[in-house]
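Enquirer:
In the working numbering, the protein residues as written are -9 to 190.
1) Quick one, which of 86, 51 and 80 has its alpha-carbon nearest residue 5's?
2) Exposed or buried, what is residue 47 when buried is set at 16 or more other beta-carbons lying within 10 Å of its beta-carbon?
3) When the Cα of residue 31 is compared with those of 64, 103, 108 and 68, which residue comes out closest?
4) What residue ranges within the region 36 to 83 form continuous alpha helix (DSSP H) runs of no fewer than 4 residues, ordered along the chain?
5) DSSP beta-bridge partners for residue 87?
6) Report back the beta-carbon spacing between residue 117 and residue 187 to the nearest angstrom; my notes put them in contact at under 8 angstroms.
7) Please look up how many angstroms separate the CB atoms of residue 104 and residue 64, rounded, as I've assumed it's under 8 angstroms.
8) Assuming residue 37 and residue 134 form a contact by the criterion Cβ under 8 angstroms, report the distance between their Cβ atoms to the nearest whole angstrom.
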């Protein structure tokens, strides 16, 4: 899938605009602090629905605006088009993701529709930071590329949180082993997918 059209409204400091992107690619050149990184961030937002710079959604809303809107049209090899939209409203703290104008049932249904890879200075953390940074990177890559991974990861995190809460409850009668089966099942799927990706 290739991004062919990008529409922006109130995203960071970028003026409302519609950009048509040629198939052969485009180079973005300008002096510093003119919005090049913000433009790349808007494109990446359509892939993961989060900022690659770690900013919260509210921080992406332009000055004196209540909401931002980002839309992209992607085209596959057979020229079939799909419009992906994302919006965030600061006052209601609500994010909305659409596919061809229809709200996505789950965020996971829309993840990875725009193929975008960002390499920035902060990515050095994959080497210099601890294993948490590498697991987070793997989780993002696999959520975008491996069917069922995001669901397994969410089930694993939920089971782990419930089990840990049960362990922390002083004198609680809640059995901890209730969460073990879900933890093992989802955890093994997560570990298998991570191992397969690393061994490729």
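The C-beta atom is built at its ideal place from N, Cα and C for all residues, glycine as well.
Expert: With the given structure in hand:
1) Translated into the one-based positions of the chain shown, residue 5 becomes position 15. Cα-wise, what sits closest to residue 5 is 51.
2) Taking the first residue of the chain shown as position 1, residue 47 is located at position 57. With 16 or more Cβ atoms within 10 Å of its Cβ, residue 47 is classed as buried.
3) The sequence position of residue 31 within the chain shown is 41, counting from 1. The option with the nearest alpha carbon to residue 31 is 108.
4) 47 to 50
5) For the purposes of this step, residue 87 is taken as the residue at position 97 of the chain shown. Residue 87 pairs with 76.
6) For the purposes of this step, residue 117 is taken as residue 127 along the chain shown, with counting starting at 1. For the purposes of this step, residue 187 is taken as residue 197 along the chain shown, with counting starting at 1. Their Cβ separation, rounded to whole angstroms, is 17 angstroms, which puts residue 117 and residue 187 out of contact at 8 angstroms.
7) For the purposes of this step, residue 104 is taken as the residue at position 114 of the chain shown. For the purposes of this step, residue 64 is taken as the residue at position 74 of the chain shown. About 6 angstroms; that satisfies the 8 angstroms criterion.
8) By 1-based counting over the chain shown, the position of residue 37 is 47. By 1-based counting over the chain shown, the position of residue 134 is 144. About 7 angstroms; that satisfies the 8 angstroms criterion.
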